[in-house]
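Take a look at the structure below.
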Amino acid sequence: MEKFRKLTSIVAPLDRANVDTDQIIPKQFLKRIERTGFGEFAFFDWRYLEDGVLNPDFILNEDRYLGANILAGGRNFGSGSSREHAPWALMEMGYKAIISTSFADIFRNNCMQNGLLPVILEEAEVDTIMARALRGTGYEVTVDLASQTVKDDLGLNADFDIDPFRKNSLMAGLDDVGVTMEFSKEIDLYEGSQTKRW
Amino acid sequence: MFEKIWARHIVAEPQDQPALIYIDLHLVHEVTSPQAFEALRLTNRKVRRPDLTISTVDHNLPTDDTRSEVIKDPIARIQVDTLRKNCEETGITLYDVDSKAQGIVHVIGPEQGYTQPGMTIVCGDSHTSTHGAFGSLAFGIGTSEVEHVLATQTLRQRKPQTMEVRFNGELKQGVTAKDMILAAIGKMGTAGGTGYVIEYTGAAIRGLDMAGRMTVCNMTIEAGARAGLIAPDETTFEWMRGRKFVPKGEKFDRAAEQWRALASDEDATFDTLIEIDCDDLEPFVTWGTNPGQVTRITDKVPSPEDFDDIADRSSAESALEYMGLKGGTAIEDIQIDRVFIGSCTNARIEDLRSASQIVKGRKVASSVRAQIMPGSTLTKLLAEKEGLDQIFMEAGFEWRESGCSMCLGMNPDILVPGERCASTSNRNFEGRQGKGGRTHLVSPEMAAAAAISGHFVDVRDWETE
């Protein structure tokens, strides 16, 4: 997993509540057996017109948001299915951090397993970021995981919480399995204590 | 109850780390597992407990009768073949397409008796919450966590908060478990349960059969909570008795004694309480594009102006546009094109029996295409033994093979743009059943009645033979 430390990027705004994982990566693209190849299908129904041409009315297709590494979304982002293909697709689209007021539990977990940072801010702060990103071109914020802050050049200075274990894993680029493997003795002990129950 | 299950499964609680929780049962299907097995291979790790892992094919299987010979979609076929290969290499039991035990993973777990009270159960599927109906702690995980469980049989979890959702009173004829959970989601919203484990209590829960309890727990995730629990009782034990992997004879009695002890203490405390009165509950129908956008059958489609919150208003606006509906339309005036009775929410034998009562002696409206995909092959065979297939087919329903099918439309069963479907499934998201498809979530009885009438009707007024 790639390390996450500090990221400065323009912000792509997706001002919509309850963006679900069916929207992020529709089911017809879940048949791949690899972790890659999902990016071009992210937000498929919104992003493309019938003939496969980019939909000019979909905000993330606008030139001014191309190359953004930070996505700002509405509340309850990532609701629905447990498909990890959703964070995989978003990462291939270039996103490394998502800012919202709330995330669905499984999606948030899946993001952190992949080094995609979900940042939860206050509603007023997300509104500010969303408005500034919508207003002009080239609006940038800096997400600093070490200090747990999001800042811009216009005076925004927001703090966010994150589980210290997850923070450490993200900053070091560690995956959980490796960390847990160090507890194999405890797992053996637990299994040994579970004699036939009836 | 949650506290007891949690405490019994702690393997380690390292400082500054989430607890390591032991997993008693891991269910695997073709869509969310290939990358996990691949990662194990790349890191030279083994499946720690293939004996605690079972798998089946359900998500992308076609539901026509040629599927056991060949899956025509080459990418879906590779995915199914990959699961076969992974199970063979690792010694995991696979209920393949030609097995009687094949079916939707959350239908076959309980049906075969794998699901038991007090267990921890996970699966790379958000509707794993279904198994909570037996008093097991069950939740959906992503593919990285699937890999974690395969390798270590444990999961890293921060202890969630607890919420009690209490259903008081008694359901009236024609009102079902589906209406209870839709009412709850309507009240809480789709994120109301985020961060919680929900325990369902109250007289109306006690009055539900196991299929109804599974329906309630199944849709827990639609309220944002990963797991929903119902304390096991005699209804639970009677349903379980005699199933293949449930202990037998004296062992069963000893097990039941332990399971009884799991039930919630009278003085259990929860972080949050929500109460719902079931005495005046009606059948519910979703009108929008998330399960929280729901209302009563006797009600009207709301207008965006009815919502005070700005985000709710703009959600309603885009939902109505997508659904092709106008605020103020009576729910009963909504015409439908398709009916889907299926999914891990409502495709158990009990659901099929209830729907068949509505359908018996009637005909599907000429403008409607109605399909039934039983929850498992065993369910299908049992229904055929009871003659339900004949009732449905005589009425004009298509009687098909089991699988997730049109709940998520990964297989060839999908809506075409603009088609409107009365569906017994769990998600009415945009495009869920096919790009441009319009989904209304209802109970099996309501779906059956809509199939006959061509539009939504209040099933409480329905006369059965």
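Heads up: the sequence lines are chains A and B, in that order.
In terms of my numbering, the numbers along the first sequence are unbroken and rise by one, the last being 198.
In terms of my numbering, the numbers along the second sequence are unbroken and rise by one, the last being 1465.
Glycine residues also receive a C-beta, built at the ideal position from the N, C-alpha and C atoms.
The structure presented is a predicted model; accordingly, all values stated were derived computationally and were not measured.
Determine whether the beta carbon atoms of residue 78 (chain A) and residue 10 (chain A) lie at a separation below 8 Å. Counting from 1 along the first sequence, the entry for residue 78 (chain A) is found at position 78. Counting from 1 along the first sequence, the entry for residue 10 (chain A) is found at position 10. In this structure, residue 10 (chain A) does not lie closer than 8 Å to residue 78 (chain A) by Cβ.
Tell me, please, whether the CB atom of residue 1106 (chain B) is closer than 8 Å to any CB atom in chain A? To locate residue 1106 (chain B), count along the second sequence from 1; it is residue 106. Judged by the 8 Å Cβ criterion, residue 1106 (chain B) is not in contact with chain A.
Pick out whichever of A:37, A:72, A:134 has its Cα sitting closest to the Cα of residue 120 (chain A). For the purposes of this step, residue 120 (chain A) is taken as the residue at position 120 of the first sequence. With distances taken between Cα atoms, residue 120 (chain A) lies closest to A:72.
Inspect the beta-carbon positions of residue 1015 (chain B) and residue 33 (chain A) and report whether they are closer than 8 Å. As a working note, residue 1015 (chain B) is residue 15 in the second sequence. As a working note, residue 33 (chain A) is residue 33 in the first sequence. Residue 33 (chain A) sits away from residue 1015 (chain B), with the two beta carbons spaced by 8 Å or more.
Taking 8 Å as the CB-CB limit, is residue 1148 (chain B) close to chain A? Position 148 of the second sequence holds residue 1148 (chain B). For residue 1148 (chain B), the nearest beta carbon of chain A is closer than 8 Å to its own beta carbon.
Those residues which DSSP pairs with residue 102 (chain A) across a bridge: Residue 102 (chain A) sits at position 102 when you count from the first residue of the first sequence. Paired residues: none, contrary to the question.
Comparing the C-beta of residue 1022 (chain B) with each C-beta of chain A, is any distance below 8 Å? In the second sequence, counting from the first residue as 1, residue 1022 (chain B) sits at position 22. For residue 1022 (chain B), the answer is yes, since a Cβ of chain A falls inside 8 Å of its Cβ.
Rounded Cβ spacing between residue 99 (chain A) and residue 129 (chain A) (contact assumed at less than 8 Å): Residue mapping note: residue 99 (chain A) aligns to position 99 of the first sequence, counting from 1. Residue mapping note: residue 129 (chain A) aligns to position 129 of the first sequence, counting from 1. For residue 99 (chain A) against residue 129 (chain A), the beta-carbon gap comes to about 6 Å, under 8 Å, which counts as contact.
Residue range of the unbroken beta strand (DSSP E) whose run includes residue 1232 (chain B): By 1-based counting over the second sequence, the position of residue 1232 (chain B) is 232. For residue 1232 (chain B), there is no enclosing beta strand (DSSP E), as DSSP marks it with neither H nor E.
I'd like the ranges of any alpha helix (DSSP H) spanning at least 4 consecutive residues and lying wholly in the segment 1388-1426 of chain B. Runs of the alpha helix (DSSP H) inside the segment 1388-1426 of chain B: 1388-1395.
If you check the beta carbons only, do residue 1140 (chain B) and residue 106 (chain A) fall under 8 Å apart? Counted from its first residue, the second sequence places residue 1140 (chain B) at position 140. Counted from its first residue, the first sequence places residue 106 (chain A) at position 106. Yes, Cβ-Cβ distance for residue 1140 (chain B) and residue 106 (chain A) is below 8 Å.
Residues sharing a beta bridge with residue 1140 (chain B), DSSP: Working through the second sequence from its first residue, we reach residue 1140 (chain B) at position 140. Paired residues: B:1123.
In terms of alpha-carbon separation, which member of B:1273, B:1431, B:1388 lies closest to residue 1408 (chain B)? Looking up residue 1408 (chain B) in the second sequence gives position 408. Residue 1408 (chain B) has its Cα closest to that of B:1431, out of B:1273, B:1431, B:1388.
Residue 1081 (chain B) lies in the alpha helix (DSSP H); which residues open and close that run? Stepping through the second sequence from its first residue, residue 1081 (chain B) is reached at position 81. According to the DSSP assignment, residue 1081 (chain B) belongs to the alpha helix (DSSP H) that extends over 1074-1090.
Per DSSP, what kind of secondary structure is residue 1300 (chain B) in: helix, strand or coil? Here residue 1300 (chain B) is taken as the residue at index 300 of the second sequence, counted from 1. Three-state DSSP puts residue 1300 (chain B) in a strand.
Status (buried if at least 16 other CB within 10 Å, exposed otherwise) for residue 1108 (chain B): By 1-based counting over the second sequence, the position of residue 1108 (chain B) is 108. When all chains shown are included, residue 1108 (chain B) counts as buried.
Check the Cβ-Cβ distances between residue 1371 (chain B) and every residue of chain A, and say whether any is below 8 Å. Translated into positions along the second sequence, residue 1371 (chain B) becomes position 371. Taking 8 Å as the CB threshold, residue 1371 (chain B) stays off the interface with chain A.
Rounded to whole angstroms, what is the Cα-Cα separation between residue 4 (chain A) and residue 1137 (chain B)? One-based indexing of the first sequence puts residue 4 (chain A) at position 4. One-based indexing of the second sequence puts residue 1137 (chain B) at position 137. Linking residue 4 (chain A) to residue 1137 (chain B) through their CA atoms gives a straight-line distance of about 33 Å.
Assuming residue 1167 (chain B) and residue 1180 (chain B) make a contact with CB atoms under 8 Å, what is their CB distance in whole Å? The residue labelled residue 1167 (chain B) in the question sits at position 167 within the second sequence. The residue labelled residue 1180 (chain B) in the question sits at position 180 within the second sequence. About 6 Å separates the two Cβ atoms, so the contact holds.
Please go through the same chain and pick out, in chain order, the residues whose beta-carbon is closer than 7 Å to the beta-carbon of residue 1329 (chain B), but skip the five residues on each side of it. Within the second sequence, numbered from 1, the residue matching residue 1329 (chain B) stands at position 329. Cβ-Cβ distances below 7 Å link residue 1329 (chain B) to 1300, 1301 in the same chain, with the five nearest sequence neighbours on each side left out; the list follows chain order.
Helix, strand or coil for residue 1351 (chain B)? Go by DSSP, reduced to three states. Within the second sequence, residue 1351 (chain B) is the residue found at index 351, counting from 1. Collapsing the DSSP output to three states places residue 1351 (chain B) in a helix.
Ignoring anything shorter than 3 residues or poking outside the segment 1015-1078 of chain B, list the beta strand (DSSP E) runs there in chain order. DSSP assignment within the segment 1015-1078 of chain B yields the following whole beta strand (DSSP E) runs of 3 residues or more, N-terminal first: 1019-1022, 1025-1028, 1053-1056.
Which residue or residues does DSSP assign as beta-bridge partners of residue 1199 (chain B)? Working through the second sequence from its first residue, we reach residue 1199 (chain B) at position 199. Under DSSP, the beta-bridge partners assigned to residue 1199 (chain B) are B:1164, B:1229.
Within its chain, find whatever has a CB closer than 7 Å to the CB of residue 1392 (chain B); leave out the 5 residues flanking it on each side and keep chain order. Counted from its first residue, the second sequence places residue 1392 (chain B) at position 392. Hits under 7 Å: 1356, 1359, 1372, 1399.
Whose C-alpha, out of B:1325, B:1019, B:1374, is nearest the C-alpha of residue 165 (chain A)? Residue numbering aside, residue 165 (chain A) sits at position 165 when the first sequence is read from its first letter. For residue 165 (chain A), the nearest C-alpha among the options comes from B:1019.
Step through the CB atoms of chain B and report whether any lies within less than 8 Å of the CB of residue 133 (chain A). Taking the first sequence and counting its residues from 1, one reaches residue 133 (chain A) at position 133. Not one chain B Cβ lies under 8 Å of residue 133 (chain A).
Residue 1429 (chain B): contacting residues in chain D (beta-carbon distance under 8 Å): Among the chains of the structure shown, chain D does not appear; the protein chains present are A and B.
Say whether chain B places a C-beta atom closer than 8 Å to the C-beta of residue 34 (chain A). As a first step, residue 34 (chain A) is located in the first sequence; it is residue number 34 there, counting from the start. Interface residue (Cβ-Cβ distance to chain B less than 8 Å): residue 34 (chain A) is classified as such.
Can you pull out the residues from the segment 1379-1412 of chain B whose beta carbon lies closer than 9 Å to at least one beta carbon of chain A? Across the segment 1379-1412 of chain B, CB contacts with chain A closer than 9 Å involve 1408, 1409, 1410, in sequence order along the chain.
Quick one: what's residue 142 (chain A) bridged to in DSSP? Locating residue 142 (chain A) in the first sequence gives position 142, where the first residue counts as 1. According to DSSP, residue 142 (chain A) bridges with A:8, A:151.
Helix, strand or coil, according to DSSP, for residue 1153 (chain B) in the structure here? Taking the second sequence and counting its residues from 1, one reaches residue 1153 (chain B) at position 153. Residue 1153 (chain B): coil per DSSP, three-state reduction.
Which whole-angstrom value is the C-beta distance of residue 1169 (chain B) and residue 1193 (chain B), which I expect to be below 8 Å? Taking the first residue of the second sequence as 1, we reach residue 1169 (chain B) at position 169. Taking the first residue of the second sequence as 1, we reach residue 1193 (chain B) at position 193. That belief does not hold up - the Cβ atoms of residue 1169 (chain B) and residue 1193 (chain B) are roughly 22 Å apart, past 8 Å.
Entirely within the segment 1263-1329 of chain B and at least 4 residues each: give me those alpha helix (DSSP H) ranges in chain order. You should have 1310-1323.
What are the start and end residues of the beta strand (DSSP E) that includes residue 1440 (chain B)? Position 440 of the second sequence holds residue 1440 (chain B). Its beta strand (DSSP E) spans residues 1438-1441.
Where the alpha helix (DSSP H) through residue 131 (chain A) begins and ends: Your numbering for residue 131 (chain A) matches position 131 in the first sequence. Counting along the chain, the alpha helix (DSSP H) containing residue 131 (chain A) begins and ends at 123-135.
Considering only C-alpha positions, which residue in the set B:1219, B:1123, B:1268 is nearest to residue 1154 (chain B)? Numbered from its first residue, the second sequence carries residue 1154 (chain B) at position 154. Selected option, being the one with the closest Cα: B:1123.
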